[in-house]
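Heads up, the thing below is written out as structure tokens.
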Amino acid sequence: MASKVDPQNIRKTFGRFRVLIMGRANAGKTTILQKVCITTENPEIYNAKGHKVRTIFHTTRGNHDITNELVFKSNPGFVFHDSCGFEAGSEEEFNDMKKFISERVNATKLEERIHAIW
Ligand SMILES: Nc1nc2c(ncn2[C@@H]2O[C@H](COP(=O)(O)OP(=O)(O)OP(=O)(O)O)[C@@H](O)[C@H]2O)c(=O)[nH]1
Ligand SMILES: [Mg+2]
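Whatever position you read off the sequence shown (first residue = 1), add 412 for our numbering.
Next comes the structure, spelled out in structure tokens:
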């Protein structure tokens, strides 16, 4: 980005703030996102085309398509992406992650771009 964005105006500039969270399975990723959003609800999940996928439950594993968007109803200003559990040792998942990051850090559409990786 060429010019600095005033933090006060960041929402107007970006619309939604997009965060990729990465960590081992069961590390507490979902929990920490709930804390950030000050909620106990489960996020709604949308696929890359914007279609609602399904609601995950706290104990449900496997929602690890990195392109899925996780949004808490009470906090629509954040969009989260959840990485896979890399300890599964899947080279495919690791490559999906690298592909996703390289596409999204350079996305020309600002609203598709990843703003932070955690
Ligand atoms: N003691 C303790 N338990 C935690 C903490 N954060 C999360 N947990 C618990 O750890 C378990 C896993 O938390 P999740 O938030 O579902 O972890 P996750 O990384 O989203 O897991 P996956 O989506 O399955 O990869 C849950 O039973 C949480 O209640 C923490 O800071 N301390
Ligand atoms: Mg989770």
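Heads up, the beta-carbon is just placed ideally off N, CA and C, and yes, glycines get one too.
Take Arg516, set aside five residues on each side of it, and the residues of its chain with a beta-carbon closer than 7 Å to its own are Glu524, Arg525, Ile526, in chain order. A heavy atom of ligand 2 is found nearer than 8 Å to the CB of Asp494.
From the listed residues Pro455, Ser486, Ile444, Glu481, the smallest Cα separation to Phe512 is found for Glu481. Relative to the non-hydrogen atoms of ligand 2, the Cβ of Lys441 comes within a distance shorter than 8 Å of at least one.
In the structure shown, Phe512 adopts helical secondary structure according to DSSP, grouped into three states.
Per DSSP, Leu522 lies in no beta strand (DSSP E) and is assigned neither H nor E. If you draw a straight line from the Cα of Val483 to the Cα of Ile529, it comes to about 16 Å. Sequence-distant partners of Gly489 (beyond 5 residues in either direction) whose C-beta falls short of 7 Å from its own C-beta, in its chain, are Arg423, Arg428, Phe429.
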